[in-house]
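Below is one structure, written out as structure tokens, with a few remarks after it.
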Amino acid sequence: MTKTRNIEKYEYEAFNDGTCQSMETGSNTVKCCGYQRGSILPPIINLLCVLTGGVLYLLLRWYPKYKALLYYNKSQLYEADTILVKNKGGFITLCSVTEQPVKHFEYQHEKFVWSEASKSFVLLLGKTGTLAELAKTSCGLSPEQRELCLQIYGRNSMSIEVKSYGKLLVDEVLNPFYLFEVLSVILWVFDEYYHYAICVVILSGYAIISALYQSRKQSSMLKDMVKAVEMDYVTVCDDRGRSLLIPSTDVVPGDIIIVPPQGCMMPCDSLLLTGTCIVNEAVLTGESTPVTKVPALLVEEDYDPISVHAKNTLYGGTQIIQTRYYNHDRVTAVVVRTGSMTAKGQLVRSILYPKACGFDFYREAIILVVALFCVAAIGVLYSVKIFVERGSSLMTILLRSLDVMTIIVPPALPAAVTVGTMSSKSRLKKVGIYCTASERINVAGKVKLVCFDKTGTLTEEGLTVWGVLTVTGRSLVNIEEKPQSLPIMSPVLHAMASCHSLTKIDGVLCGDPLELSMFESTEWDLEESGAETNRFDQLAPVVVKPTGHRFVNSVETASPATPLDMKVPLEIGIVRQFHFNSNVQCMSVIARTLGARNMVVYTKGAPEKVLGMCNPDTVPENSLITLSYYTSAGYRVIALAYKKLPYKFNWLQSQKVSRDQIEVDLEFLGLLIMKNTLKEQSAPVIHELQQARIKCLMLTGDNMLTAVSVSRNCGLIAPSVPLAQVKVSTTLPRTVKLLPLNSSTDHIETDASSALAIDGPTWDDLVEYFPGLVPQVATRSVVFARMSPQQKANVVEALQSLDYIVMMVGDGANDCGALKTAHIGISISSAEASIAAPFTSAIQDVTCVPKLITEGRCALVTNFGLFNFMVLVGLVQFSSVFILYLEGLEMGTFQFLYVDLVVTSSLALVMGWNKPGERIVPKRPISRLLSPSNMIPLVLQIIVCVLSQVSVLELVKCEPWYVHAKRAKGDDYVVSGWENSAVFILSCYQYVILAVTFSKGKPHRRPIYRNRWFMITVLSLVGWTTLLLIAPFDGLSRFFDLKDFYRNDTVRFRLLLVALVTVNLILSLLIEVRPNLLKAMQTPYILASDLIAVNV
5 MTKTRNIEKY EYEAFNDGTC QSMETGSNTV KCCGYQRGSI LPPIINLLCV
55 LTGGVLYLLL RWYPKYKALL YYNKSQLYEA DTILVKNKGG FITLCSVTEQ
105 PVKHFEYQHE KFVWSEASKS FVLLLGKTGT LAELAKTSCG LSPEQRELCL
155 QIYGRNSMSI EVKSYGKLLV DEVLNPFYLF EVLSVILWVF DEYYHYAICV
205 VILSGYAIIS ALYQSRKQSS MLKDMVKAVE MDYVTVCDDR GRSLLIPSTD
255 VVPGDIIIVP PQGCMMPCDS LLLTGTCIVN EAVLTGESTP VTKVPALLVE
305 EDYDPISVHA KNTLYGGTQI IQTRYYNHDR VTAVVVRTGS MTAKGQLVRS
355 ILYPKACGFD FYREAIILVV ALFCVAAIGV LYSVKIFVER GSSLMTILLR
405 SLDVMTIIVP PALPAAVTVG TMSSKSRLKK VGIYCTASER INVAGKVKLV
455 CFDKTGTLTE EGLTVWGVLT VTGRSLVNIE EKPQSLPIMS PVLHAMASCH
505 SLTKIDGVLC GDPLELSMFE STEWDLEESG AETNRFDQLA PVVVKPTGHR
555 FVNSVETASP ATPLDMKVPL EIGIVRQFHF NSNVQCMSVI ARTLGARNMV
605 VYTKGAPEKV LGMCNPDTVP ENSLITLSYY TSAGYRVIAL AYKKLPYKFN
655 WLQSQKVSRD QIEVDLEFLG LLIMKNTLKE QSAPVIHELQ QARIKCLMLT
705 GDNMLTAVSV SRNCGLIAPS VPLAQVKVST TLPRTVKLLP LNSSTDHIET
755 DASSALAIDG PTWDDLVEYF PGLVPQVATR SVVFARMSPQ QKANVVEALQ
805 SLDYIVMMVG DGANDCGALK TAHIGISISS AEASIAAPFT SAIQDVTCVP
855 KLITEGRCAL VTNFGLFNFM VLVGLVQFSS VFILYLEGLE MGTFQFLYVD
905 LVVTSSLALV MGWNKPGERI VPKRPISRLL SPSNMIPLVL QIIVCVLSQV
955 SVLELVKCEP WYVHAKRAKG DDYVVSGWEN SAVFILSCYQ YVILAVTFSK
1005 GKPHRRPIYR NRWFMITVLS LVGWTTLLLI APFDGLSRFF DLKDFYRNDT
1055 VRFRLLLVAL VTVNLILSLL IEVRPNLLKA MQTPYILASD LIAVNV
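Written out as structure tokens, the structure reads:
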């Protein structure tokens, strides 16, 4: 074996050890097994592939597992030259192992390398480690190091293959169903069934060409999307400190990138080392508000680019709008991930390889198709018996018997399964809901529970300052509705003016809506580094000051270097920012007032967090009562605090100090009261979902009482429903209690009607100490407050484990984990595709939820109806053909043509055009084809149709004018006869009856009479078939090989046939509406929450 380089210094995520490994990769779980190519069997198998006319080759192509067994020998992973990868959905891929520069294989645009330490393949991720390690090792790369890294990590690009039309055609034609269609056409040509064969070739050709065009178009669009984010050249620093201009595709993890002052499109994921950047991340998260990126603290903390250190990471594909730097330093960042490893690469991979949704519809559809082939095999064998008894030639026996196979399994069956989904996807796109995983639309039809984020989802994004409560003595009593009226030197006013991360882009103030509202209420101005701030020697890149020129006495600034009678302008420079973090739930700044002796720390954040940072002597006695009052009323409350730093605390110290060192022993300043308006559509949507028995809950990072108040206002919690907060005691022995929201000691009793609320820290304690109670708490809780992004994802997983089909609705920023974890994730964003979720809604409110659910239910019902219709069409046609075979007759060429092209094709097309119902109903559509509620009616429909055909045959034989047609013998081809005419006309009615039966409208779709094209098609086909029965002209009868039904002595039979059609229709409709007998056989539907004990 070729000796490979040691990969240990190139960071990775380890697989499990063993011969066969498994791990999470992207959004899929994969299992890998090692194989070595054999030396004896492969040549023999290749010869057999040729001798069997390619049949063996196709079987091995469709079932790579057996290809691996025949061509390869199972081996230890370290000896393998081929890896068999099996994902959670059972799909298998064979990947070749490459030895140089390191032993690796690639799967779905990800590289897995061999690790001698763990004796397993590992996923190559890029640079990892602690923040301190990343900074310490970020000294630039030499040309040799870059070349080696380039060989290992590959080019900084994601190769999206745009297959040629020839290759796409081969892939499409070699699909089992299309190949079956090709063989069917060959059979029909030999059978001189040219008309239908030509029509099928034309229609299939059109379908294939359309599929090829769409596939190539989507690949081209995806490639263009990837290419649009690639820069031509970037500037990097080498190991000698020199600046080099290199192609962006040559950037590797470990490179030091210099971010240009004018901004750029980031070519890779990088950790910011120096300076700050204003970034537009809408292309990834859907978050339209630009975000500020700051250098990371160089501490011994594991680097997590997705959640914990998102504020310090510049993601590939995002637009750098503006940069800032201190003194004359450059804005630099160390490359951590390139190519498909980047956040942009994850988005592309999620589009290319969507996460398996675990939906049974498609798997069970394949099982039913296989069952149809088994039925067809039985039909073929019996047909052989019939034609052998006739004395037919071998060619006739083969043609007639194999023809049965093409009848029972309609070639159009695969396309029919997707009609409903594609129609719904098209309608969703028209209303501004974009989808990157079409199969999830069906899953949306089974949603049982919806989780909502609060801010920006249920409530407006913006906040309005209602007032500020300041400290007087030891209490909070004074409410100032206009913060700008506070004394000019008030620390509260200074905290509101400086404790933020706002910036100006093209002269417009941008940033977090909360901070914008807070700052604008002060009526101060913000200036960034320039002529007006040079008195800070550019050490404070942001300066805030009152509108206009306000001067204060030098005595107020307490600077000994300034004469006491001198007036100085009031300007506050923001020296250092500690940005808001969802896990920390607060932010701080270090600021200095012009001419002041000391620097000052200003902090704002969640009251629970900030109060814990303050000196208890400065906290008012009524702070908790006041906080409870305002949060219970639905206000958003932000606590303010500050602290003067020592006189000797200088700028250099301010850049090195950690937030843990400064966010202690603060002086409490007051509470900022903000009003978060509920969106107008939130309450009606939640009411609609609850009426449909879809459980709704809130997952938010906001304060518990505020979240509860908003939940009450929007109807998540009814006014009459008691609510208790779950608490885990911190003392031993640990216990779980249900407490009133405004108390920490009293225990309250609840019953099954009580709702629960829980916060993030308590959830973690519950999972750790009382895992057995998690299902009970998860199902009864309506409000999950103070939840971090990871905790939101954990809650969604807990609900999924209880058999809930979960939908998560959020803004795509802090909700990324939960959106990707849920079965259905909707990111409310203006972008067409988001890294956060498979669905992106341009509708900026929660009305997208019922729209998606109704379309999902419509798609599910449509796909079920079309699948059942196509299956029954094949079986009804088989019944007709088989009955005629027994009578020594056959169906005519134009009869087949009429049924296949005019009747079934037109009906299948218009059946998929039915639109969703106008509201969501409690009853959910069935989602399993093999369930008794679907299979029993399906079997009964077959029985009714077959009995009707047998009945019409017996009726026509009882007529006095009936004369049995001459039975075919040998290779004779006899079509015309009373038996043929009666069965053919009845079957034409039956196809329409089945279409009407399986096109039921309410409750999940609109009534069929509102599907205009369907009604036109049905009435036209009924009218045409009736014409064939009542008064066909001579040419029409000869064209369809029908007997002369318009003779006077056949009136009685025609009336009986119409009566039989009516009975068939009534029975079919009765079967489909589920009589009480069928209902009793169904398993009652019970929510998971009803099965779980309520005693906590």
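Residue numbers (this note's numbering): 5 to 1100.
Using N, Cα and C, we set each Cβ at its ideal position, and we do this for glycine too.
Quantities reported herein were computed from a predicted structural model and do not represent experimental measurements.
Check, Outcome
"State yes or no: is the C-beta of I282 within less than 8 Å of the C-beta of T507?", "yes"
"Just the Cα atoms here: how many angstroms apart are S1041 and R861?", "44 Å"
"Counting C-beta neighbours from all protein chains within 10 Å, is the total for T597 16 or more, i.e. buried, or is it exposed?", "buried"
"Figure out for me which residue from T766, L933, G321 and R341 has the closest Cα to the Cα of R738.", "T766"
"In the structure shown, what three-state DSSP assignment does L664 receive?", "Residue 664 is actually Asp in this sequence, not Leu. D664: helix per DSSP, three-state reduction."
"Just mark G57 as buried or exposed, buried being the case when its beta carbon has 16 or more other beta carbons within 10 Å.", "exposed"
"Quick check: what's the CA-CA separation for Q994 versus G764?", "59 Å"
"Roughly how many angstroms lie between the CA atoms of I594 and G609, to the nearest whole one?", "15 Å"
"By the 10 Å Cβ neighbour count, where 16 or more other Cβ atoms means buried, how is T1101 classified, buried or exposed?", "A query on residue 1101 cannot be resolved here, the shown segment of the chain reaching from 5 to 1100 and no further."
"DSSP state of F584, grouped into three classes?", "coil"
"If you follow the alpha helix (DSSP H) that F194 is in, where does it begin and where does it stop?", "P180 to F194"
"Counting Cβ pairs, one atom from each stretch, are 3 or more of them under 8 Å apart for the stretch 653-671 and the stretch 892-899?", "no"
"Can you tell me whether DSSP reads E772 as helix, strand or coil?", "helix"
"Using a threshold of 8 Å, state whether the C-beta atoms of V240 and I212 are closer than that.", "no"
"Is the Cβ-Cβ distance between V641 and N707 less than 8 Å?", "yes"
"Taking Cβ positions, are D259 and T134 nearer each other than 8 Å?", "no"
"What does DSSP give as the partner residues of C281 in its beta bridges?", "K297 and T327"
"Less than 8 Å between C-beta atoms, sequence neighbours within five positions excluded: which residues of the same chain meet that for A562?", "Note that A562 scores a pLDDT of 48, beneath 50, so its modelled location is shaky and nothing firm can be said."
"Below 8 Å on the Cβ atoms is my contact criterion, and I expect P854 with E692 to pass it. Report the Cβ-Cβ distance as a whole number of Å.", "6 Å"
"How about V907 and C992: are their beta carbons less than 8 Å apart?", "yes"
"Return yes when the Cβ of K107 is within less than 8 Å of the Cβ of W118, no when it is not.", "yes"
"Entirely within the stretch 839-886 and at least 3 residues each: give me those beta strand (DSSP E) ranges in chain order.", "843-845"
"Could you give the first and the last residue of the continuous alpha helix (DSSP H) run that contains P793?", "P793 to Q804"
"Between which two residues does the beta strand (DSSP E) holding A1035 run?", "Note, A1035: premise wrong, no beta strand (DSSP E); not H, not E."
"Y299: buried (16+ other C-beta within 10 angstroms of its C-beta) or exposed?", "The identity of residue 299 in the sequence shown is Pro, whereas the question assumes Tyr. Classification for P299: buried."
"Buried or exposed: which applies to F882, given that a residue is buried once 16 or more other Cβ atoms fall within 10 Å of its Cβ?", "buried"
"In three-state DSSP terms, what is G829?", "strand"
"What residue does the alpha helix (DSSP H) around R928 start on, and which one ends it?", "Per DSSP, R928 belongs to no alpha helix (DSSP H) and is neither H nor E."
"As a quick exercise: from A347, V205 and L301, pick the residue whose alpha carbon is nearest that of L318.", "A347"
"Tell me the residue span of the beta strand (DSSP E) that contains C992.", "From DSSP, C992 is part of no beta strand (DSSP E) but of the alpha helix (DSSP H) over W982 to T1001."
"Within 10 Å of its beta-carbon, does Q945 have 16 or more other beta-carbons around it, so buried, or fewer, so exposed?", "buried"
"With the cut-off set at 8 Å, would you say V903 and T1021 are in Cβ contact?", "no"
"Label I1119 either buried or exposed according to how many other C-beta atoms from any shown protein chain fall within 10 Å of its C-beta, with 16 as the threshold for buried.", "No information on residue 1119 is available, as it lies outside the stretch 5 to 1100 that the chain covers here."
"Where F653 and K647 are concerned, what is the direct C-alpha to C-alpha distance, given to the nearest angstrom?", "13 Å"
"When DSSP labels each residue in this structure, what does T23 get in the three-state scheme?", "coil"
"For V174, count the other beta carbons within 10 Å of its own beta carbon; 16 or more makes it buried, fewer makes it exposed. Which is it?", "exposed"
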